[in-house]
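Asks:
As structure tokens, then:
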């Protein structure tokens, strides 16, 4: 009986050991399978005596994620969203127009910046104002210095040209005395004309007595021959473009030589016309008369026919033959009419009166003119 018990015990023990070995084998095969597959869950620990109770305990279920249900927006939410969109559009429009250069965050940061105390802010404003005044005065001073330098350089250029023009006059006089062609002034003519027609050099020309050299260039040579025709034309044209006043004419004497060209019979017709125009222009400057006919002041007198008839000379025949010729006997000769240029000391009074034009006739003429213009435009459009 004891043997049977021991045998049963051995059998029981062997069965238990076989089951355990089977479990161990299953555990090893599972471990190999886990090693071959990618690890998604933590590998189970090897089975032993201490973990049997934990293995037999049930596995804890995974926590469920919260479910989110779709919420419907209310009318209030739609209104708020539309209001925010309108604010964004308005800010974008102001930024494009240059009204706002900073975004909302920048504006909040500016609002959050601490403000300076009043006395500190006043000192900063005064400092900025002083800096602005210094920089502005520096710019004006620099501009003035540049203008002074330009005027100084222009004066030097004009003075150098004046000296060279004087040398050319002396060379031509020497060449004329030696019976040689005078070419010194002709060689410099283009340079002189280009400077005299320069707008910025006009004041320097008048201030540095360049008109004296122009007078010497236009004067006849020692043998009483006139300078080249090119010199006459170019210098007279250049004189017409200069802003000459009475003081310049008196100091330089250029008006006398131009008057000589107006009266000389040896001068070309074009040169004489140009000289006449210059003399008329400068004469108005001297006597202070305007070239505009509407602004001229004319002398007026009261006209009396009886007084004019009493001043007229009466014809008295000196001999009896002349008195007899005035009788009714026929004449054997005629009087030739002669043209007399009217020369008035007092402007004659106009007797021409313009008929008053009504407003209606003026409007009708303007409408007629407009209709003709439109008709001509239509005709040109059809031809095209």
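Residue numbers (full-length UniProt numbering): 1 to 384. Here a beta-carbon is modelled for each residue, glycine too, at the ideal position from N, C-alpha and C. Note that the coordinates shown come from a computational prediction; the quantities given were computed from them, not determined experimentally.
1. Does the stretch 196-205 come into contact with the stretch 242-253, if we say contact requires no fewer than three beta-carbon pairs (one atom in each stretch) closer than 8 Å?
2. Does the distance from the C-beta atom of residue 397 to that of residue 279 stay below 8 Å?
3. Just the C-alpha distance for residue 224 and residue 247, rounded to the nearest angstrom, thanks.
4. What does a CB cutoff of less than 7 Å around residue 349 pick up in its chain, not counting 5 residues either side in sequence?
5. What's the call for residue 213, buried or exposed, on a 16-neighbour Cβ count within 10 Å?
6. If you draw a straight line from the C-alpha of residue 272 to the C-alpha of residue 377, how long is it?
7. Does residue 379 pass the burial test, meaning 16 or more other C-beta atoms within 10 Å, or should it be called exposed?
8. Would you mind stating whether residue 187 and residue 227 have Cβ atoms separated by less than 8 Å?
9. With a Cβ-Cβ cutoff of 8 Å, do residue 215 and residue 254 count as a contact?
10. By a C-beta neighbour count over all protein chains shown, 10 Å radius and 16 as the cutoff for buried, is residue 208 buried or exposed?
11. Apart from the five residues just before and just after residue 166, which ones in its own chain have a Cβ nearer than 7 Å to its Cβ?
12. Return helix, strand or coil for residue 368, following the three-state DSSP convention.
13. Just to check my reading of the structure: residue 189 and residue 230 have Cβ atoms closer than 8 Å, yes? What is that Cβ distance to the nearest angstrom?
14. Judging by CA-CA distance, which residue of 122, 333, 335 and 206 is the nearest neighbour of residue 158?
15. Apply the 10 Å Cβ neighbour rule to residue 264 and answer buried if 16 or more other Cβ atoms are within range, or exposed otherwise.
16. Does residue 154 pass the burial test, meaning 16 or more other C-beta atoms within 10 Å, or should it be called exposed?
17. In chain order, what residues of the same chain lie with their CB nearer than 8 Å to the CB of residue 171, ignoring the 5 residues before and after it?
18. Compare the C-alpha of residue 176 against each of 221, 288, 134 and 256 and name the closest.
19. Anyone know if the C-beta pair for residue 197 and residue 238 falls short of 8 Å?
20. If I follow the unbroken alpha helix (DSSP H) through residue 259, where does it start and stop?
21. Among the candidates 276, 347, 210 and 369, whose CA atom is the shortest distance from the CA of residue 162?
22. So residue 212 is in the alpha helix (DSSP H); what residue range does that whole segment cover?
23. Could you compute how far the alpha carbon of residue 79 sits from the alpha carbon of residue 87?
24. Please tell me whether residue 258 and residue 275 are closer than 8 Å, where the distance is taken between their beta carbons.
25. Return helix, strand or coil for residue 375, following the three-state DSSP convention.
26. Report the CB separation of residue 309 from residue 282 in whole angstroms; it is logged as a contact under 8 Å.
27. Alpha carbon to alpha carbon, how far is residue 345 from residue 180?
28. Cutting at 8 Å between CB atoms, please list the residues of its own chain near residue 277, excluding the five before and the five after it.
Replies: If we stick to the structure as given:
1. yes
2. With the chain covering only 1 through 384, there is no way to say anything about residue 397.
3. 29 Å
4. 303
5. With at least 16 other beta carbons inside 10 angstroms of its own, residue 213 counts as buried.
6. 47 Å
7. exposed
8. Residue 227 sits away from residue 187, with the two beta carbons spaced by 8 Å or more.
9. yes
10. Label assigned to residue 208: buried.
11. 213
12. Three-state DSSP puts residue 368 in a helix.
13. Rounded to the nearest angstrom, the Cβ distance from residue 189 to residue 230 is 6 Å, consistent with a contact under 8 Å.
14. 206
15. exposed
16. buried
17. 182 and 184
18. Minimum Cα distance to residue 176 is reached at 221.
19. Their beta carbons are under 8 Å apart, which means residue 197 touches residue 238 by this criterion.
20. 254-263
21. 210
22. 210-218
23. 12 Å
24. yes
25. helix
26. With 8 Å as the limit, residue 309 and residue 282 do not qualify as a contact, their Cβ atoms being about 42 Å apart.
27. 52 Å
28. 240
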